[in-house]
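Asks: Can you read through this structure? Questions will come right after.
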Amino acid sequence: MVKSLVGTKGEGHIIIQTKGMETILLEKENVMQSDTIMSYVRDSQLPSANVTITSTYSLILNCYVPILIAILFGMTAMHYHQYFLVLFECFKFKDFDEFDCKWPGNVCDFSKAERVGFESALCQHFSIPNDKDLIMSKYYSCCEVHLEGSRARVARNHVVVHPSKKSEFDNIDHSLLDKEISMEDFNKQVKKLKKEFPKSKKWIDWYLHERRRSLIFPVFGKVAFSDCGNNTNGQESQGKLIQLSDPLENPSILVCFRHLLRYANNCVDMELSSITTGLITRYHGSRKRKQVNDGRAPDRTSQLSPGSKRLPPGRPRHAKNLAPTKTAVQDLSFGIPWSYSYDGLSVTNTCAMDTALMSLFFIRK
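Below is the structure:
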């Protein structure tokens with residue numbers, strides 16, 4: 443259950459993995475997604491405590507499931523270094539060559555601490571010299587949805603982008619993510635972006651940092667790990683399910699640890715065990731059976747005239763108005779005529795309802 447437990451200041455953590463999580467991890471079926479749940483665990487002595495989870499899509503369970511869960515006592519590069527070091531150990535790669543061939547890929551957000559922790563853990567686990575250049579885009583990528591959210595916020599900022607030029611800003615940004623764009627055209631588009639929208643310079647320069655751009659833009663070697671795109675949507679949904687299933691909004695570290703164990707056992711191990719033994723673990727609803735009434739003659743349109751289109755209820759559109767027939771005219775002669783005169787006013791009526799009301803009035807009088 444507990445893969446690593448360290449209480450040392452600066453790298454403290456509790457990392458757990460159940461048997462079912464390990465089974466799914468070793469399948470290496472799909473790209474992994476790592477994300478941190480912030481503002482969930484509360485500890486007065488550890489204000490930066492968080493839950494960090496790596497999930498992947500399981501073809502057996504047909505959903506995203508966690509394959510490694512950790513309570514990190516901080517959010518520094520060293521905390522993530524310890525976390526990813528355990529993740530690499532769980533895969534049991536013999537050497538770096540096997541890792542290079544079989545690593546399914548990992549997608550994170552744009553956290554610098556996560557990226558630095560991933561790189562340092564990779565170098566330590568496989569004893570890679572620091573001076574060796576690694577193509578990190580083959581193993582690590584940044585979330586495209588986070589990038590799109592950042593772009594949309596800048597586009598809505600009228601201080602940076604005038605509303606009349608929003609479409610131009612969007613077109614330039616989207617062209618930078620084109621897989622077929624050349625380096626020359628890419629640089630031209632960046633210059634155009636900075637010229638037309640000078641206040642966006644800091645924003646685009648942040649993404650163009652030499653240690654970050656290869657994880658974002660295809661022209662710099664970004665690798666698409668899956669056909670659905672590189673994002674952390676599946677993992678974020680897992681994080682939301684973990685929070686919703688916890689009766690406490692902000693549990694302590696101990697209470698959160700117990701909840702994470704229960705969640706992993708119930709949602710991964712038990713379901714995986716049930717499916718592998720042939721049990722149905724999800725409710726699919728009851729199928730409606732077509733009832734046949736053998737005591738009813740064929741009287742429906744589909745039975746009497748197969749192939750005929752059923753007319754919709756109500757009056758057809760653009761239908762001409764028809765003159766009322768004799769049967770449609772209401773006969774008002776059944777009403778009892780009555781009249782009265784009062785203060786120079788004479789009234790005569792034959793309405794059936796008024797007749798009944800007047801009758802009750804006369805009886806009362």
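Following our numbering, the numbering of the sequence shown begins with 443 at its first residue and continues without gaps.
Glycine included, each C-beta is placed from N, C-alpha and C at the ideal position.
(1) Let me make sure I understand the geometry here. Which of E531, L514, D477, L467 has the alpha-carbon closest to that of H455?
(2) According to DSSP, which residues form a beta bridge with S446?
(3) Let me check one thing: in DSSP terms, what residues is D551 bridge-paired to?
(4) Using only the alpha-carbon positions, how far apart do D627 and F659 sit?
(5) Buried or exposed for D551, please, with buried defined as at least 16 other CB atoms from any protein chain shown within 10 angstroms of its CB.
(6) Rank I805, Q487, K534, M517 by C-alpha distance to the C-alpha of T465 and give the top, closest one.
(7) Alpha carbon to alpha carbon, what distance is there between F568 and D537?
(8) DSSP three-state label for C505, please.
(9) To the nearest angstrom, how far is the alpha carbon of P755 from that of A798?
(10) Restricting to runs no shorter than 4 residues, where is the alpha helix (DSSP H) found entirely within the segment 617-651?
(11) Grouping DSSP H, G and I as helix and E and B as strand, with all else coil, what is S592?
(12) Considering only residues of the segment 514-554, which uninterrupted beta strand (DSSP E) runs meet the minimum length of 3 residues and lie entirely inside it, listed in chain order?
(13) Please list the terminal residues of the continuous alpha helix (DSSP H) segment that includes N675.
(14) State yes or no: is the C-beta of D810 within less than 7 Å of the C-beta of Q631?
(15) Enumerate in chain order the residues of its own chain whose CB-to-CB distance from I717 is below 7 Å, with the five nearest sequence positions on each side excluded.
(16) L683 to E638, Cα distance in whole Å?
(17) Taking all protein chains shown into account, decide if R557 is buried (16 or more other Cβ within 10 angstroms of its Cβ) or exposed.
(18) Tell me the residue span of the alpha helix (DSSP H) that contains T723.
Replies: Looking at the atomic coordinates:
(1) The alpha carbon of H455 has as its nearest neighbour, out of E531, L514, D477, L467, the alpha carbon of L514.
(2) Partner(s): I457.
(3) Answer is none; D551 lacks a bridge partner.
(4) For D627 and F659, the distance between alpha carbons rounds to 13 Å.
(5) D551 should be labelled buried.
(6) For the options I805, Q487, K534, M517, the alpha carbon positioned closest to that of T465 is the one of K534.
(7) CA-CA distance, D537 to F568, rounds to 7 Å.
(8) If DSSP states are grouped into helix, strand and coil, C505 belongs with the strands.
(9) So the alpha carbons of these two residues sit roughly 37 Å apart.
(10) Segments of the alpha helix (DSSP H) lying fully in the segment 617-651: 625-638, 643-649.
(11) Here S592 sits in helix by DSSP.
(12) Listed in chain order, they are 548-550.
(13) Annotation for N675: the continuous alpha helix (DSSP H) segment containing it runs 675-687.
(14) An answer regarding residue 810 cannot be provided, because it is not within the stretch 443 to 807 covered by the chain.
(15) These residues qualify, in order along the chain: I502, L503, T723.
(16) When rounded, the distance between both Cα atoms is 43 Å.
(17) Around the beta-carbon of R557, 16 or more other beta-carbon atoms lie within 10 Å, marking it buried.
(18) Neither: T723 is in no alpha helix (DSSP H) and is coded neither H nor E.
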